[in-house]
Amino acid sequence: MLFKIIVTNFLIHRQSGYTQVGTAGIQVPLTSPQANNLNIDSLLTSTLSTNPLFNLGSSLNITNFSNEEPNSDDEMEYVISSDSDDCGSDLEEEFDDDSFDWPLSDENAENGDDDDVSPDTEEFQNDVKQSLVQWVVECNIPRCHVNNLLKRLHNDAKLTFLPIDSRTLLSSRRGKIQLIDMPPGKYQHFDIAAALLNILSAMAEHGKELPDVLYILINIDGIPLSKSSLSDFWPILIKVLGWDEIVVGGIYHGAKKPADINQYLARFRDDILRLRATGLEFRGKKVEVVLTAICCDTPATTFVMSIATHNAYYGCRKCTTRGTWVGNIITSSSQAKTAGRVTYSELDAPLRTDESFRTRAQLKHHNKDGKKSIMEELLQDVIGDVVLDYMHLVCIGFRKKELKEWVFGKFDHLRFSVQTSREISAFLIGIGVYIPSDFPRTPRSLLELPRWKATEMRLDLLYICPVAYKPHLNEERYNHMMLLHVAVKILVNRDMCQIYAPYAEFLLRLYVTNSGKLYCAKFVTFNVHSLIHLANDVRKHGCLDDFSSFPFENKLQKMKNLLRRSGRPLQQIVRRLEEIDNANRKKEEILVGYSSSNIAGQYKLDDIHYTGPILPQFAGAEQYKVLRFKKYVLSTSLGNNCVFLDNENDVFVIDNFIKHHERVHVIGRRFMKKEICIPIPYHLLL
Numbered sequence: 083m084l085f086k087i088i089v090t091n092f093l094i095h096r097q098s099g100y101t102q103v104g105t106a107g108i109q110v111p112l113t114s115p116q117a118n119n120l121n122i123d124s125l126l127t128s129t130l131s132t133n134p135l136f137n138l139g140s141s142l143n144i145t146n147f148s149n150e151e152p153n154s155d156d157e158m159e160y161v162i163s164s165d166s167d168d169c170g171s172d173l174e175e176e177f178d179d180d181s182f183d184w185p186l187s188d189e190n191a192e193n194g195d196d197d198d199v200s201p202d203t204e205e206f207q208n209d210v211k212q213s214l215v216q217w218v219v220e221c222n223i224p225r226c227h228v229n230n231l232l233k234r235l236h237n238d239a240k241l242t243f244l245p246i247d248s249r250t251l252l253s254s255r256r257g258k259i260q261l262i263d264m265p266p267g268k269y270q271h272f273d274i275a276a277a278l279l280n281i282l283s284a285m286a287e288h289g290k291e292l293p294d295v296l297y298i299l300i301n302i303d304g305i306p307l308s309k310s311s312l313s314d315f316w317p318i319l320i321k322v323l324g325w326d327e328i329v330v331g332g333i334y335h336g337a338k339k340p341a342d343i344n345q346y347l348a349r350f351r352d353d354i355l356r357l358r359a360t361g362l363e364f365r366g367k368k369v370e371v372v373l374t375a376i377c378c379d380t381p382a383t384t385f386v387m388s389i390a391t392h393n394a395y396y397g398c399r400k401c402t403t404r405g406t407w408v409g410n411i412i413t414s415s416s417q418a419k420t421a422g423r424v425t426y427s428e429l430d431a432p433l434r435t436d437e438s439f440r441t442r443a444q445l446k447h448h449n450k451d452g453k454k455s456i457m458e459e460l461l462q463d464v465i466g467d468v469v470l471d472y473m474h475l476v477c478i479g480f481r482k483k484e485l486k487e488w489v490f491g492k493f494d495h496l497r498f499s500v501q502t503s504r505e506i507s508a509f510l511i512g513i514g515v516y517i518p519s520d521f522p523r524t525p526r527s528l529l530e531l532p533r534w535k536a537t538e539m540r541l542d543l544l545y546i547c548p549v550a551y552k553p554h555l556n557e558e559r560y561n562h563m564m565l566l567h568v569a570v571k572i573l574v575n576r577d578m579c580q581i582y583a584p585y586a587e588f589l590l591r592l593y594v595t596n597s598g599k600l601y602c603a604k605f606v607t608f609n610v611h612s613l614i615h616l617a618n619d620v621r622k623h624g625c626l627d628d629f630s631s632f633p634f635e636n637k638l639q640k641m642k643n644l645l646r647r648s649g650r651p652l653q654q655i656v657r658r659l660e661e662i663d664n665a666n667r668k669k670e671e672i673l674v675g676y677s678s679s680n681i682a683g684q685y686k687l688d689d690i691h692y693t694g695p696i697l698p699q700f701a702g703a704e705q706y707k708v709l710r711f712k713k714y715v716l717s718t719s720l721g722n723n724c725v726f727l728d729n730e731n732d733v734f735v736i737d738n739f740i741k742h743h744e745r746v747h748v749i750g751r752r753f754m755k756k757e758i759c760i761p762i763p764y765h766l767l768l
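Its first residue numbered 83, the sequence shown is counted upward by one per residue in our numbering.
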């Protein structure tokens with residue numbers, strides 16, 4: 083989860099009007115008049131959400147500690163907010179609760195006050211078994227090591243109730259797995275209805291209201307199993323919108339992708355049609371199942387939908403434009419070789435419709451063999467429901483291509499000098515300590531640009547680029563980059579994407595138009611052209627993160643990591659997935675989302691200390707450095723200590739967490755002088 087309004091500390095160092103933040107040697111005045119307290123309820127309501135753009139709607143009263151008027155030379159002061167029990171609306175969707183006025187969890191209650199359970203009791207034995215099962219599954223322990231441990235526990239520790247084989251402990255499937263022949267490989271299908279029922283069961287355990295409709299998102303992609311072979315997996319992944327868990331509908335394994343897309347999708351198609359007709363019966367309630375969209379990268383989409391490839395003349399999935407071949411001459415060894423690519427410079431071509439696609443109005447957009455994909459039977463709108471994935475399209479597609487032009491490009495007027503690349507790289511590496519832990523990766527040097535992952539490209543595009551590249555780009559190139567930054571920033575914001583979708587579309591069209599002029603005509607390829615259609619997908623399906631491939635890519639990597647040897651990979655993955663499913667069924671509470679019935683455990687204080695700063699009314703109270711949530715962390719250390727308060731756009735630096743009378747209070751400082759670093763009209767959107 084991202085902070086709704088992340089302002090990392092490197093901006094403080096970078097922008098005029100800010101002073102470097104430091105905590106050493108600063109003390110809170112002990113005679114502060116009427117010092118109020120900022121409780122954690124107000125801070126959470128004001129600063130945290132899943133949306134990366136501002137949504138200023140909460141009031142938080144910021145007051146001075148000192149009796150004296152602020153000195154114009156002082157740019158920071160300690161602040162606290164008036165105590166408030168008001169509930170903000172930003173987190174209601176995430177936590178499904180009406181208030182943040184919660185008591186902290188009682189350690190004694192959490193750990194239990196009962197006497198130790200006897201090792202001879204069935205309860206103790208079941209707890210030990212379940213703990214071992216969760217350890218094996220969550221840590222992905224090799225089964226040979228599990229067997230070794232079980233034998234030691236059974237023989238040396240005399241825990242004879244434990245099995246000596248991991249297959250017994252994990253309830254692994256016995257016997258040979260019957261795979262389905264699917265040239266040129268094998269296929270295994272999973273029970274989709276059972277997987278969706280497990281998700282409904284998890285929702286019920288968390289106290290969430292059962293939905294009337296389950297909206298599901300589908301992803302299909304290939305993943306190589308090793309660099310030394312052609313062995314690939316092609317799994318069918320399913321995600322329920324609004325739920326974190328991803329389930330597997332089927333897996334193909336072979337040296338090549340399936341020869342027949344319809345044979346590959348047949349069983350999946352049958353399951354979805356059956357679920358569409360009958361729905362799911364869960365605890366006396368009927369729940370409908372609706373396939374809302376398919377999210378794949380471009381090569382996988384062309385394979386699944388049986389359409390022309392992205393480098394074909396009629397390759398655009400959203401409009402009927404005809405591409406243009408743009409060639410160039412490369413001289414090598416005194417011989418001229420012709421090269422080039424198909425580009426799509428037209429921005430106003432007629433849009434494709436569901437009817438025109440099904441009737442093959444533009445025949446050259448479809449495969450030459452004329453064979454239809456059975457995926458068409460599952461989609462209500464073939465054009466609108468086959469979405470553009472911004473992870474592949476923007477992050478590791480176009481944005482990475484643009485940066486490569488700046489760093490390694492052939493054109494002197496676009497390429498950074500060696501010294502400029504070094505300066506930018508030093509800046510990117512230097513700000514790593516200020517990046518919140520919400521981000522899975524910190525920035526790397528531009529020299530490692532070819533190895534940057536999609537999450538690094540996303541961080542660079544949405545947060546870093548307005549600051550990192552401004553001193554090194556002329557005004558024209560910087561403004562051009564900001565068109566993409568602002569447009570994507572709008573479209574990833576859940577609260578603003580629908581309202582400002584027309585504006586984002588305008589910016590993207592302007593960006594594509596100027597790309598051909600700023601770089602060259604050959605630059606406007608499929609990825610660049612498709613930017614103009616991104617806003618239409620957002621209008622129908624919500625913000626970009628609601629239908630991106632990020633969660634699916636994580637699942638693919640986890641599946642790949644389950645393999646222990648090269649032999650029989652499909653059988654291995656089937657057994658590992660079934661073991662995980664069995665473990666989750668036995669688990670008393672599946673840790674997927676927050677449980678409204680266990681509110682006290684939703685945040686936790688860590689790293690107790692006694693060094694302050696602290697206010698007089700909190701004398702003797704417990705002090706902590708870290709406040710942990712399931713998906714994000716607030717702390718007094720760099721990176722996780724700088725946030726915005728909603729009411730006045732105040733930049734707030736956290737210095738201490740106080741536990742007083744079973745409530746959490748936050749002590750910190752705010753900046754007195756602030757300046758806008760991003761040009762209008764972007765600022766107006768905040």
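Virtual Cβ for every residue (Gly too), placed ideally from N, Cα, C.
Other residues of its chain near residue i: CB distance less than 8 Å, five sequence neighbours each side excluded
i           : result
valine 386  : Ile302, Ile343, Leu347, Ile376, Cys378, Ser455 and Met457
leucine 544 : Pro134, His567, Val570, Lys571 and Val574
serine 308  : Ser648
Euclidean distance between Cα positions of residue i and residue j
i              : j              : result
leucine 357    : tyrosine 334   : 22 Å
leucine 652    : isoleucine 690 : 48 Å
tyrosine 395   : arginine 533   : 30 Å
histidine 611  : glycine 405    : 10 Å
serine 527     : leucine 232    : 46 Å
glycine 466    : valine 215     : 43 Å
glutamine 699  : glutamate 287  : 41 Å
asparagine 731 : tyrosine 472   : 29 Å
lysine 772     : threonine 203  : Outside the shown range of the chain (83 to 768) lies residue 772, about which nothing can therefore be said.
aspartate 188  : alanine 703    : Model confidence at aspartate 188 stands at a pLDDT of 42, short of 50, so the residue's coordinates are unreliable; what they give is reported in the following sentence. Roughly 16 Å separates the two Cα atoms.
arginine 658   : arginine 399   : 37 Å
glutamine 116  : histidine 747  : Any reading at glutamine 116 needs caution, since the residue's pLDDT is 32, under 50, leaving its predicted position unreliable; the model's value is listed next. If you take the alpha carbons of glutamine 116 and histidine 747, they lie about 16 Å apart.
glutamate 660  : arginine 249   : 11 Å
arginine 434   : leucine 616    : 14 Å
asparagine 222 : glutamine 345  : 33 Å
isoleucine 46  : lysine 756     : What the structure shows of the chain is the stretch from 83 to 768, and residue 46 is not part of that stretch, so it cannot be assessed.
alanine 550    : histidine 495  : 19 Å
aspartate 273  : leucine 312    : 28 Å
leucine 244    : asparagine 664 : 17 Å
Beta-ladder partner(s) of residue i, from DSSP
i             : result
glutamine 705 : His691 and Ile740
threonine 425 : Thr406
Pair within 8 Å by beta-carbon distance, residue i and residue j
i                 : j                 : result
histidine 392     : threonine 384     : yes
arginine 751      : valine 735        : yes
tryptophan 316    : proline 340       : yes
methionine 563    : lysine 482        : no
valine 210        : leucine 252       : no
valine 469        : histidine 623     : yes
threonine 425     : valine 606        : yes
valine 733        : serine 519        : no
tryptophan 488    : phenylalanine 498 : yes
aspartate 688     : valine 708        : yes
phenylalanine 739 : glutamine 705     : yes
Residue i in three-state terms, based on DSSP
i              : result
serine 717     : strand
glycine 649    : coil
threonine 403  : coil
aspartate 314  : strand
histidine 288  : coil
glutamine 462  : coil
leucine 373    : strand
valine 585     : Reading off the sequence shown, one finds tyrosine at residue 585, where the question assumed valine. Note: tyrosine 585 maps to helix in three-state DSSP.
aspartate 326  : coil
isoleucine 512 : Looking at the sequence provided, one finds glycine at residue 512 rather than isoleucine. DSSP places glycine 512 in helix when its eight states are reduced to three.
lysine 63      : Here the chain has residues from 83 to 768 only, and residue 63 is not among them.
Neighbourhood of residue i by C-beta, 6 Å cutoff - its chain only, sequence neighbours within 5 removed
i           : result
alanine 536 : Met473, Cys477 and Ile478
valine 594  : Val610, Leu613 and Ile614
Contact set for residue i: own chain, Cβ-Cβ below 7 Å, skip 5 residues either direction
i              : result
threonine 524  : Gly514 and Ile517
isoleucine 655 : Ile333, Met641, Leu644 and Leu645
histidine 447  : Ile389, Ala390 and Tyr396
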